[in-house]
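Protein chains in written order, with the numbering used here: chain A, 1 to 203; chain B, 1001 to 1203.
Don't be surprised by glycine CBs; every beta carbon is placed ideally from N, CA and C.
Notes for the one structure printed next.
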DNA sequence: GTTTGATGTTGACGGGATACACATGAGCCT
DNA sequence: AGGCTCATGTGTATCCCGTCAACATCAAAC
């Protein structure tokens, strides 16, 4: 019934050695190229040169694998936000850079951005690290420390700023029937209005 | 090879009579109940009491059917926005009501909201009618006519207001890792900040 | 009353997710 | 050394889904 000798074909070893990481890597590559469309178990397994069932030794289900890739995408976004922050000192410039990078990510990496916020059956096992939410929250905390935002309003300000960049990125990224005009000036205008809403609300 | 006499089983007639509309109706019901997860050709066909292939007489592909249901969901959103506007006279109250209803839709109908903005291979054949975008645009146009917004800024203001409500609804609806706290006061605070950003920008 | 075209049905094929049984091989125990 | 064990892969089978080609039904046009 079963063949006595397995043909290893073009594989060097029977065991892959680092399948989990390899799956996440090709998953990110596919996500970058085509969003959530090619993140199936069979397809990713084929990319890595492994049988579909091998995937289940590392992820309980295809949905879990997708959730893990989604988390990787969110962490990539967060990493880029951190990078954009690195060279800014002024709190306003930090705040603006954070939002600008968030939007830029949505525009330049629509595939990753879509996957980052895909609605998934499975939840990630660990917290995002780095976390885009935490980064934005810290930026607003800085504004509190500078006296530009009342500590009592920290949460509502964070909601506000977050909603703006996330909403714009969502609408501008991918194939949306409500896609807005996109230009650097449109984005800067949006960020300026955001700054106004954040700092001038309770005068 | 093929049976000479078809058993009609529990069907009254061989032809359904209104299959296209029926598919959209059950599609909306399924979307309301579980988002995009049960919008497959086979499933919807079964719901309507018809063979999967019958669907293709009305929609070129399953993706097209999904796009049609997505459009229905967007139009439902737009209809609710219009309803919320009906009893408001003041331009500010109209503006606020529009945004509030958008967010309320995201919170109360997460399934429909997700489907409304699903990333779909196929595009809708006709324009949305009514269109949520047009309704929001009109609300800002009113602000122009009242002198509260400069006509030259109409587009950027629309972008701004739209991004806020869409972003918040997206983050607050469904299973998002960045889901914010949700309460009426949080929403009113957001709308007030939006109003400020819309009207006070160019003073 | 026949023809015809719109609308449904069957059956088949290809592909995806995943359950179960089996294979491989590196490291540990004796 | 020689063998046991367990994590990790493979093979096969099953079920479901989307879709094609061929055939069936029926109402309306002629």
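Inter-residue CB distance, residue i and residue j (contact presumed, cutoff 8 Å)
i                       : j                       : result
residue 1167 of chain B : residue 99 of chain A   : Actually they are not in contact, since the Cβ atoms of residue 1167 of chain B and residue 99 of chain A sit about 11 Å apart, beyond 8 Å.
residue 80 of chain A   : residue 101 of chain A  : 6 Å
residue 179 of chain A  : residue 171 of chain A  : 6 Å
residue 1031 of chain B : residue 1106 of chain B : Residue 1031 of chain B to residue 1106 of chain B, Cβ: 14 Å. No contact.
residue 1164 of chain B : residue 164 of chain A  : 6 Å
residue 1193 of chain B : residue 201 of chain A  : 6 Å
Residue i in three-state terms, based on DSSP
i                       : result
residue 1035 of chain B : coil
residue 128 of chain A  : coil
residue 1007 of chain B : Confidence is the limiting factor: at residue 1007 of chain B the pLDDT is only 34, short of 50, which leaves the residue's position unreliable, though a coordinate-based value still follows. Residue 1007 of chain B falls in the coil class under three-state DSSP.
residue 12 of chain A   : coil
residue 176 of chain A  : coil
residue 150 of chain A  : coil
residue 22 of chain A   : helix
residue 1017 of chain B : coil
residue 1114 of chain B : helix
residue 1211 of chain B : It is not possible to answer for residue 1211 of chain B, since the shown part of chain B is limited to 1001 through 1203.
residue 2 of chain A    : Note that residue 2 of chain A has pLDDT 24, beneath the 50 cutoff, so the model's placement of it is unreliable and no number is given.
Selected residue, minimal CA-CA separation from residue i, among the options
i                       : options                        : result
residue 137 of chain A  : A:146, A:83, A:122, A:95       : A:95
residue 110 of chain A  : A:135, A:73, A:190             : A:73
residue 49 of chain A   : A:31, A:61, A:77, A:17         : A:17
residue 130 of chain A  : A:13, A:77, A:55, A:161        : A:77
residue 123 of chain A  : A:84, A:24, A:142, A:68        : A:68
residue 196 of chain A  : A:161, A:19, A:180, A:182      : A:161
residue 1135 of chain B : B:1014, B:1012, B:1151, B:1158 : B:1158
residue 1112 of chain B : B:1015, B:1047, B:1029         : B:1029
residue 1147 of chain B : B:1057, B:1091, B:1039         : B:1091
residue 47 of chain A   : A:201, A:25, A:181, A:66       : A:25
residue 126 of chain A  : A:70, A:82, A:97               : A:70
residue 1053 of chain B : B:1075, B:1083, B:1019, B:1154 : B:1019
residue 1132 of chain B : B:1149, B:1154, B:1075, B:1058 : B:1075
residue 1153 of chain B : B:1199, B:1097, B:1108         : B:1199
residue 59 of chain A   : A:156, A:23, A:82              : A:23
residue 39 of chain A   : A:14, A:65, A:57, A:15         : A:65
residue 1055 of chain B : B:1128, B:1155, B:1015         : B:1015
residue 182 of chain A  : A:108, A:44, A:41, A:82        : A:108
residue 217 of chain A  : A:45, A:51, A:41               : With chain A running from 1 to 203 in the structure shown, residue 217 of chain A is simply not present.
residue 21 of chain A   : A:83, A:45, A:156              : A:45
residue 1027 of chain B : B:1043, B:1012, B:1013         : B:1043
Limits of the alpha helix (DSSP H) - the one that residue i falls within
i                       : result
residue 1142 of chain B : 1132-1145
residue 1043 of chain B : 1041-1048
residue 1163 of chain B : 1154-1172
residue 69 of chain A   : 62-86
residue 953 of chain B  : Residue 953 of chain B lies beyond the residue range present for chain B, which begins at 1001 and ends at 1203; the question has no answer from this structure.
residue 52 of chain A   : 52-55
residue 192 of chain A  : 184-199
_Would you call the region 1033-1045 of chain B in contact with the region 1106-1119 of chain B, where contact means no fewer than 3 C-beta pairs closer than 8 Å?_
yes
*Meets three-Cβ-pair contact criterion under 8 Å: the region 1176-1195 of chain B and the region 167-180 of chain A*: no
*Would you call the region 80-90 of chain A and the region 1141-1160 of chain B touching, i.e. three or more CB-CB distances under 8 Å?*
no
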